[in-house]
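Below you'll find the structure, written out as structure tokens, and then a few comments.
There are 2 protein chains.
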Amino acid sequence: MAKITKVSPLAPAQFPDLPVIDGVKFATAAAGVKYQGRTDVMLAVADAGSTIAGVFTRSATRSAPVLDCQDKISGPTPNGVAILVNSGNSNAFTGARGRESVAAITGAVADITGLDGAAVFTSSTGVIGEPLPHDRIIAVLGQLNGDLDAGKIGDAARAIMTTDTYPKGAMAQVETDQGPIKIAGIAKGSGMIAPDMATMLVYIFTDAKIAQPELQALVSEINDASFNCITVDSDTSTSDTLLMVATGASGVSVDRAHQGFKSALRDVFMDLAHQVVRDGEGATKFVEIQITGAATDTDAKTHAMAIANSPLVKTAIAGQDPNWGRVVMAIGKSGAAADRDLLTIRFGDITVAENGWVSPSYSEDQGAAYMQNEHLIIGVDLGLGQGTSTVWTCDLTHDYIAINADYRS
Amino acid sequence: MAKITKVSPLAPAQFPDLPVIDGVKFATAAAGVKYQGRTDVMLAVADAGSTIAGVFTRSATRSAPVLDCQDKISGPTPNGVAILVNSGNSNAFTGARGRESVAAITGAVADITGLDGAAVFTSSTGVIGEPLPHDRIIAVLGQLNGDLDAGKIGDAARAIMTTDTYPKGAMAQVETDQGPIKIAGIAKGSGMIAPDMATMLVYIFTDAKIAQPELQALVSEINDASFNCITVDSDTSTSDTLLMVATGASGVSVDRAHQGFKSALRDVFMDLAHQVVRDGEGATKFVEIQITGAATDTDAKTHAMAIANSPLVKTAIAGQDPNWGRVVMAIGKSGAAADRDLLTIRFGDITVAENGWVSPSYSEDQGAAYMQNEHLIIGVDLGLGQGTSTVWTCDLTHDYIAINADYRS
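Below is the structure:
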């Protein structure tokens, strides 16, 4: 196995000092799901009155824990909620046995926390197609329940890491006329060293008081513009999960229309989504694709993802090559509406191509100098309408191949 | 520039001994389009009575020569046809200047061959966004016209190479009750060393006599099952072109219903398409994806391409890792209908997964041994219906990155 142990060059300088979110506590343990002596289980328990919302992978082959979460997510949780996450095994493509493992774990968590099974949500990340040794997880639940602590969210961020090169956290505070609200979130993804570990898991907590349907609407909307706008390699996990819990402990009531809360929540989602891209396998560049002037927003996203997922664009970026011809190629192949002679392409503030040809003011030296930057912006205006989209990706490097090909499972 | 000079390990043992196709002649020259002293122009001229059909890239940003070919392809060609191909410059994304270059070249070829401009077809492959120096091409037309020779198709195959690691040719002969028909074809693609050279160009010639609409119908149908079923990296050139000329010199008349001709033509298309995959950038494995049991043929192709284009599947193949979990992932993300618990996955004759879980008879050792093969077959039965699709691809290796990222243009 070619283990890439260095931290991503795009990592933030440090893990943020996440605030305590009143009404939710965390604990972690080493259950030995796949490896001995490695912290691989996280439990979060939120107080009575908490609401929970979530979004999940759209994969047609999604895992047993994802299917279980989706069944429960919109139900009532008057007594609070629990989230149990394990790494080392994704419990995906495990047939009826997979469902039994989820039922065993959620039942045991319910017993020990006093919650209903319908209020217990689980995520699993790791190898596909192997039975989850759920007894090992159940064996540490007593320890986890005893260790629950409001200050342990940073430990939780580290516990859900699998092959990430750094833990991911983000926070925000909102002042309202009823008082302050706090938000803290953690995520894992997408440093993949062992096979089948590309899953993205995200858990966000707030002490705001918000009804479940309102929270779900906000989570779905903000997710569409953040986690649904990032791509490392176009591949989609069978286990992607985002759960958000609102404890209400601040006593501040909000709804989907509360602009201060929504804006802060968007910042936390976006920060975590960008951190996932910055930990993309082998990444050396953080790339923002800005599409404007498309016929529709849907077309804009199609163009943006075609550029972001193009191996030829991504390798050119890795090579620091201002290869705008490959951007033209990606737009052409996307399937969305484009008129060659109306395209404008920009690298940062540099207009590279316009009116169907290279810009008269553009020089390769200018483009080459720009491509040295670690954070790149590729802008494309289609000249057709008002559709816009922004997505984020990383480059495609030798380390991506080393991480994903140079091993034997 | 990290120039990969070794011939693909998947190359055929030798270039085939292509037969003379009566009624068409070839010539090649070094015009200095981009580099001096390199053969970079090919001219083919077919006699009066020839018909021509073609298929082209679906890119929305297709090149000036492609647009010109599409305008002309279904018109009458009573006096014969000419095809002029240059490498070194794709004349793509070159605005009005691009159209002027095509007009200048087709006009000059018409003058020197005595054909109508409407019977002259051109292809250009090479760098995007630079004006084509068409005067250099026009300057060698006299020499090309003088050198035309029925035996030079092998030279033509070499002249259209850009970054291919070997020339690509294929042939077939069909016995009919009217006498024999011969077919010979050449192709270039997709060894990409310099930027923007990924274009696939294909020229096929036969001495059969066939009306243009019949030929077009055959070419379109067979193309759908051959060149439209291969992928190296999911990226689509702005210049992909396939032209087929039927000279009629054999005196044998056929139509789209002639099973012998159709079958032979399919063999030639398929042979050339596979040769393009075998020259995929950095390829070390030739991979066939066989989908059965999908809800529809369209769904089957969507699943097949999702697997064939998945970076995680392709890197696993490069690593000789029997990572069937990544195949499950690719099916799940494709967007086409799938039921996790009805999937069957096979590596060659080995049943790897079935009924929503790993097959009881499967062992990792079996899978790992199979992945050592150079030619791999990944079979997936969806268990949903009668839809089928077969596509061909290659693996994703360090050399792909070296070829596409490790240079400065």
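First to last, the protein sequences are chains A and B. When you line the first sequence up against this note's numbering, it's residues 1 to 409, in that order. When you line the second sequence up against this note's numbering, it's residues 1001 to 1409, in that order. Where is the CB? At the ideal position from N, CA and C, for every residue including glycine. As the structure is a prediction and not an experimental result, all values here were calculated from the model.
- For Gln-173 of chain A, the beta-bridge partners assigned by DSSP are A:Lys-182.
- Residue pairing for Thr-390 of chain A: DSSP places it in a beta bridge opposite A:Gln-290.
- In the structure shown, Glu-130 of chain A falls within a coil segment according to DSSP collapsed to helix, strand and coil.
- In the three-state reduction of the DSSP assignment, Lys-1209 of chain B falls in the strand class, which pools E and B.
- Judged by pairs of C-beta atoms under 8 angstroms, the region 255-269 of chain A does not touch the region 23-43 of chain A, as fewer than three such pairs exist.
- The alpha-carbon of Thr-1231 of chain B is positioned some 15 angstroms away from that of Ser-1059 of chain B.
- Residue contact with chain B for Ile-401 of chain A: present (Cβ-Cβ distance below 8 angstroms to some residue of chain B).
- For the pair of segments examined, the region 132-149 of chain A was found not to touch the region 171-182 of chain A: the number of CB pairs separated by less than 8 angstroms stays below three.
- Residues of chain B whose Cβ lies closer than 9 angstroms to the Cβ of Thr-94 of chain A are, in chain order, Gly-1356, Trp-1357 and Val-1358.
- The beta carbon of Thr-351 of chain A does not come within 8 angstroms of any beta carbon belonging to chain B, so the residue lies off that interface.
- Look at the region 130-145 of chain A: it has no residue with a C-beta under 7 angstroms from a C-beta of chain B.
- Counting of Cβ neighbours within 10 angstroms places Thr-298 of chain A among the exposed residues, the total staying below 16.
- Segment contact: the region 1047-1054 of chain B against the region 322-339 of chain A, fewer than three CB-CB distances shorter than 8 angstroms; contact not assigned.
- Around the Cβ of Glu-1354 of chain B, a 10 Å sphere holds 16 or more other Cβ atoms; the residue is buried.
- Exclusion of the five residues before and after Thr-292 of chain A leaves Asp-381 and Thr-388 as the residues of its chain whose Cβ lies within less than 6 angstroms of its Cβ.
- By the Cβ-count criterion, Asn-373 of chain A is exposed, with fewer than 16 other Cβ atoms from all chains shown falling within 10 Å of its own Cβ.
- Our two residues, Ile-183 of chain A and Gln-143 of chain A, have alpha carbons roughly 27 angstroms apart in a direct line.
- In chain order, Tyr-1370 and Ile-1377 place their CB closer than 6 angstroms to the CB of Gly-1348 of chain B, counting only its own chain and leaving out the 5 sequence neighbours on each side.
- Going by DSSP, His-375 of chain A is part of no alpha helix (DSSP H) but of the beta strand (DSSP E) stretching over 375-381.
- For the region 1236-1251 of chain B, the residues whose beta carbon sits under 8 angstroms from a beta carbon of chain A are, in order, Thr-1236, Ser-1237 and Thr-1238.
- For Ser-239 of chain A, there is no enclosing beta strand (DSSP E), as DSSP marks it with neither H nor E.
- Note on geometry: alpha-carbon atoms of Asp-341 of chain A and Ala-1118 of chain B lie some 24 angstroms from one another.
- The contact set of Thr-1061 of chain B on chain A, defined by CB atoms closer than 8 angstroms, consists of Val-328, Met-329, Ile-331, Gly-332, Ala-338, Arg-340 and Leu-343 in chain order.
- CA-to-CA, the gap between Ala-1295 of chain B and Ile-128 of chain A works out to about 25 angstroms.
- Excluding the 5 residues flanking it on each side, Arg-1256 of chain B has same chain C-beta neighbours closer than 6 angstroms at Glu-1214, Ala-1217 and Leu-1218, in chain order.
- Setting aside the 5 residues that flank it on each side, Ser-253 of chain A is surrounded in the same chain by Gln-178, Ala-208, Lys-209 and Ile-210, each with a C-beta closer than 8 angstroms to its C-beta; the list follows chain order.
- For Val-55 of chain A, the number of other beta carbons within 10 angstroms of its own is at least 16, and it is reported as buried.
- Within the DSSP secondary-structure output, Val-358 of chain A pairs in a beta bridge with A:Ala-353.
- Within the region 298-322 of chain A, those residues whose Cβ lies closer than 9 angstroms to any Cβ of chain B are, in chain order, Asn-309, Ser-310, Pro-311, Leu-312, Val-313, Lys-314, Thr-315, Ala-316, Ile-317, Ala-318, Gly-319, Gln-320, Asp-321 and Pro-322.
- Any Cβ of chain B closer than 8 angstroms to the Cβ of Thr-397 of chain A would place that residue at the interface, and such an atom is present.
- Leu-1201 of chain B sits in a strand when the DSSP states are folded into three classes.
- For secondary structure counted as the alpha helix (DSSP H) over 4 or more consecutive residues, the region 1062-1131 of chain B holds these complete runs in sequence order: 1064-1072 and 1095-1113.
- Remark: C-beta atoms of Thr-1125 of chain B and Ala-1082 of chain B do not approach each other more closely than 8 angstroms.
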